[in-house]
Each structure stands twice: as structure tokens, then as C-alpha cells.
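Sequential numbering of the sequence shown, starting at 506, is according to this note's numbering.
Cβ atoms here follow ideal geometry from the backbone N, Cα and C, with glycine treated the same way.
Just so it is clear, the structure is predicted and the values come from calculations on it, not from any experiment.
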Amino acid sequence: MSFSLIGTGSALPKTIQTNSDLTAFLDTSHDWILSRTGIESRHICIEESILDIALTASINALENAGIEPKDLDLIICPTLGGDTVTPSLACLVQEKLEATCPSFDISAACTGFIYGLDLADAYLSRDRNMKILIIAVDAMSKFIDWKDRSTAVLFGDGAGAAVVTAGTDLQSIHLTAVGNQHALCIPWPKGNHPGLIEKDLPLPYLNMDGAEVYRFAVAAICNDLRRVTRDAGIALEDLDFIIPHQANLRIIESAAKRLKLPMNKFVLRVKNQGNTSAASVPLVLDDLNRQGQLKPGMLIALTAFGGGLTTGACVLKWSKQA
Ligand code: COA
């Protein structure tokens, strides 16, 4: 089966936090962050709720697709979590849009958008008439320990959306998961049951083995891109654009070198967005779409990796007219 992307949308919160802003409360420097990650600034949800950015990205995607919320048959929201544990973020977006379709969140961390595309493809194999909104949203600023310089400098907040329906864009897709809570983990808050509060519970903040994730990420990009291009019957060189998860410029550079591909095939937004988790890939896709850089027939690969550990990649043959 296959699908086409008929609309994209995105939203970034207003507040921009530069590397220099971080030095006010962290023992770090602009030069360290830039040289280790390629990041200069990121957007943070201060004035907006997570729902606000999810809704803006969704409305943009629906407008770009030329459809109304009432036309939607399903809303899938890849996210680490919205403003509430329940209702799901997808249900709250559905309410605000005044849509009436089933809606649910999925948890695949930074790979969530590609997991969402695969799920949409499965639904479309059952009913080719469905119109599905995938709204990938993360506010990593809510999960970070802002006293931990080794992680706080890496992430930002954002939302990226796509509307998909039956079509011919999808050429191949591949997902993986290797359960591992040592490499990257965000524990849930554990509540205040009197039997628990005396014990040493982990704090509900992101903790990560940066070096392990780095090695995993480079291998994931290389293995997954080789796999999906082979499955699509094309060479890596045939790709017009590669949209990688925007975690760290050095990870992308290492993968490009290993794959012997020029860096200009990789679309980069990490400098001014940081790692926006599930939103990272669809944010870039929407930017390219809105700039009119995607032409019918172009071959685009999406590739992501993240907590789980999960990875995913796909090849799309773009069909939407600018
Ligand atoms: N500012 C200044 N110094 C910092 C710092 C910061 N923000 N964060 C860490 N350091 C220090 C460390 O304490 C360490 O000091 P030491 O040598 O005195 O112990 C030193 O910098 C080097 O740290 P190291 O961890 O070796 O740096 P690195 O070059 O491996 O880069 C990461 C660290 C986190 C940037 C890198 O490992 C990475 O990007 N990993 C992948 C993370 C990722 O993408 N996660 C999300 C996946 S979805």
C-alpha cells in the first residue's frame, strides 16, 4: 500500500532561547554548544501550551491540504506527552478543531512521526478513503532538568503536522525498536503514595548516555537509509533531499561521511531549533513544502532515531503540486 502527503503544517513557540541565554544559569558556553552540536538557539513553550502549538500546526496542515476538520477520519499524535496525561493530546486537538474522528497519541519519541506514517499506511490499507492527520508535537523543555548542562542545551519545543490519504508517495518504510532504558530515559512522576515518598524515586527528567546515543544514532541513519533506498529500488545518490532527525549536526555529518554522501543532500534546521523530538522531521518537511522546494517526482528520505530506542526511515516520491 501507499499514501500521499496532501498537506503539511508546523508551529514553533515564540520564545527563543539562545546559547548565551543558557549561560545565565548553566556552566556552559556558546562555543561549547555550537562546536559539539551545531545548535545556536531553540524555541521554548513559555507563553504557549503544548496544545497551542499542536493546534496551530494542525490548522496549517489542514489549510495546506485544502480540507476541513470534519473531513478527518483519524488523528494520530506522536508525542512524549501533552499538557495532560489524559486526555491525550490528540483528543484535545480533536476537540479544538471540532473534528469528530477517533484520536490517540503514540509514544516512539523522536521517531514518532515515521511510526505515525507507518500506522497511517496500515489504516489506509483497510480503508483507502480515510484522511488522517498526523500531528507530531513535543515540548522537551517540560522534560529536561534545567540544572543538567549535558542535556539542557540540546533540546527545543515544536510541532509538525501532515495530512495523508491514499496515494503513491510512499516507496518504502522501515521501523526498528531495541528496548533500552539506560541510553535514554524519562521516568514518569510517581505520585505521592505514603508508601513511596520515603524511597529514592528517580526524578521525572530526561537522563541520557550521550556517547551511546551518538554511536547508535550514526549507525541508525546509515543502516536505515541503506535499507529504505534498497527497498525502494533506488540508490542513495538518487535522493533529492534527506530530512534527518535534527539532534546534533555532528551526528548528521558523521552519517553523511560514512554513507559517502555530500552534506548538501541533508536538510538542516538544527542550528535554530535544536532537537524538537517527534516534531523535528515534519518541521523541516513543512518548511521545504512552504518554500516551494519540493517538486512532484522528487525523492525524499526521512530518517529518525530516539528514545526506546527506536529508529525509522522512509522514502517518499513527492506528488503534491506547489
Ligand atoms: N557545556 C560545557 N561543557 C559540557 C557541557 C555543556 N553544556 N555538557 C557536557 N560538558 C562537558 C562534560 O562534563 C565533559 O567534561 P569532562 O571532560 O571534564 O568530563 C566534556 O564536556 C565532554 O563531554 P562529552 O560528553 O565527551 O562531550 P561530547 O563531545 O560527547 O558531546 C553530546 C556530548 C551530548 C553533545 C553528544 O554526546 C551527543 O550529541 N550525543 C547524542 C545526544 C542526542 O542526540 N540525544 C537525543 C537523541 S534523540
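### Query
Any chance the region 641-651 sits against the region 766-778, with 3 or more Cβ pairs inside 8 angstroms?
Touching, no, given that fewer than three Cβ pairs across the two stretches are closer than 8 angstroms.
### Task
Return yes when the C-beta of Thr808 is under 7 angstroms from any heavy atom of ligand 1, and no when it is not.
Remark: the shortest separation between the CB of Thr808 and any heavy atom of ligand 1 does not fall under 7 angstroms.
### Query
Going by Cα to Cα distance, which pick from Leu814, Leu556, Leu807 is closest to Asp745?
Of the listed residues, the one whose Cα sits closest to Asp745 is Leu807.
### Message
Relative to the C-alpha of Asn565, which candidate in Leu788, Met803, Leu814 has its C-alpha closest?
### Response
Taking only the C-alpha atoms, the option nearest Asn565 is Leu788.
### Task
Take Ala760 and list the residues in its own chain whose beta-carbon comes closer than 6 angstroms to its own, dropping the five residues that flank it on each side.
Excluding residues within five positions, the ones whose Cβ falls inside 6 angstroms are Val723, Ile726, Cys727.
### Task
Give, in chain order, every unbroken run of the beta strand (DSSP E) that is at least 3 residues long and sits entirely within the region 648-676.
Complete beta strand (DSSP E) runs here, min 3: 662-671.
### Extent of the continuous beta strand (DSSP E) to which Gln522 belongs
Run containing Gln522: 520-523, per the beta strand (DSSP E) assignment.
### Message
Whole angstroms are fine: how far does the CA of Phe609 sit from the CA of Ile805?
### Response
Their Cα atoms are separated by approximately 27 angstroms.
### Selected residue, minimal CA-CA separation from Asn510, among Ala688, His698, Arg654, Leu790
According to the sequence displayed, residue 510 carries Leu and not Asn. For Leu510, the nearest C-alpha among the options comes from Leu790.
### Closest Cα partner of Ser554 within the set Gly663, Ala529, Asp626, Met506
Selected option, being the one with the closest Cα: Gly663.
### Message
By the DSSP assignment, the beta strand (DSSP E) with Ala644 in it spans what residues?
### Response
Residue range 636-644 is occupied by the beta strand (DSSP E) that includes Ala644.
### Query
Buried or exposed: where does Thr589 fall if 16 or more other Cβ atoms within 10 Å of its Cβ makes it buried?
Around the beta carbon of Thr589, fewer than 16 other beta carbons sit within 10 angstroms, so the residue counts as exposed.
#### Entry: Leu597 beta carbon near ligand 1 (any heavy atom closer than 7 angstroms)
Answer for Leu597: no, Cβ out of range of ligand 1.
### Query
Which residue's Cα is closest to the Cα of Ile580: Ile551, Asn569, Cys596?
The residue with the shortest Cα to Cα distance from Ile580 is Cys596.
### Task
Kindly provide the ranges of any beta strand (DSSP E) runs that are 3 or more residues long and lie completely inside the region 741-798, ordered along the chain.
Listed in chain order, the beta strand (DSSP E) elements of length 3 or more contained wholly in the region 741-798 are 746-749.
### Counted within 10 angstroms of its Cβ, other Cβ atoms place His548 as buried (16 or more) or exposed
By the 16-neighbour rule on beta-carbons within 10 angstroms, His548 is buried.
### Task
Assign Asn697 to one of two classes, buried (16 or more other C-beta atoms within 10 Å of its C-beta) or exposed (fewer than that).
By the Cβ-count criterion, Asn697 is exposed, with fewer than 16 other Cβ atoms from all chains shown falling within 10 Å of its own Cβ.
### Query
What are the start and end residues of the alpha helix (DSSP H) that includes His535?
His535: member of the alpha helix (DSSP H) spanning 535-542, first to last residue.
### Message
Relative to the C-alpha of Gly467, which candidate in Ile678, Tyr719, Ile747, Asp705 has its C-alpha closest?
### Response
Here the chain has residues from 506 to 827 only, and residue 467 is not among them.
### Task
With a 10 Å radius around its C-beta and 16 neighbouring C-beta atoms as the bar for buried, classify Gln826 as buried or exposed.
Residue environment: Gln826 is assigned as exposed (fewer than 16 neighbouring CB atoms within 10 Å of its CB, all protein chains considered).
### Message
Once DSSP output is grouped into helix, strand and coil, what is the label at Thr808?
### Response
Three-state DSSP puts Thr808 in a strand.
### Query
Nearest CA to the CA of Lys765: which residue from Leu741, Ser782, Ile748?
Considering only alpha carbons, the answer is Leu741.
### Query
Under 8 angstroms, do Lys636 and Thr605 count as touching if we go by C-beta distance?
No. Outside cutoff.
### Query
Using DSSP with H/G/I as helix, E/B as strand and the rest coil, what is Ser509?
Note: Ser509 maps to strand in three-state DSSP.
### Query
Just to confirm, does Ile538 get its C-beta within under 7 angstroms of one of the non-hydrogen atoms of ligand 2?
As for ligand 2, it is missing from this structure, which binds only ligand 1.
### Message
Check for me: the alpha helix (DSSP H) holding Arg633 runs from which residue to which?
### Response
Counting along the chain, no alpha helix (DSSP H) covers Arg633, and no H or E run does either.
### Query
Does the region 628-644 come within contact of the region 680-689, defined as at least 3 CB pairs closer than 8 angstroms?
They do not touch, by the three-pair rule.
### Message
Just to confirm my understanding: we take Leu701, look at its own chain, exclude 5 residues before and 5 after, and list those with CB closer than 8 angstroms. What are they?
### Response
Leaving aside the five residues that flank Leu701 on each side, the residues in its chain whose CB is nearer than 8 angstroms to its CB run, in chain order, Lys695.
### Message
I need the DSSP call for Phe618, collapsed to helix, strand or coil.
### Response
In this structure, Phe618 counts as helix in the three-state DSSP scheme.
### Query
In angstroms, rounded to a whole number, what distance separates the CA positions of Pro583 and Phe530?
A straight-line Cα-Cα distance of about 31 angstroms links Pro583 and Phe530.
### Query
What does a CB cutoff of less than 6 angstroms around Glu717 pick up in its chain, not counting 5 residues either side in sequence?
Closer than 6 angstroms at the Cβ level, and outside the excluded window around Glu717, lie Ala688.
### 8 angstroms Cβ shell around Trp693 - same chain, five flanking residues per side excluded
For Trp693, the CB contacts under 8 angstroms within the same chain, skipping 5 residues up- and downstream, are Pro709 in chain order.
#### Entry: 8 angstroms Cβ cutoff met for Cys615 and Ser782
Yes.
### As assigned by DSSP and simplified to three states, the class of Lys825
DSSP places Lys825 in coil when its eight states are reduced to three.
### Query
Using 8 angstroms as the Cβ pair cut-off and three pairs as the minimum, do the region 518-537 and the region 626-634 touch?
The region 518-537, when compared against the region 626-634, does not touch it at the 8 angstroms Cβ threshold.
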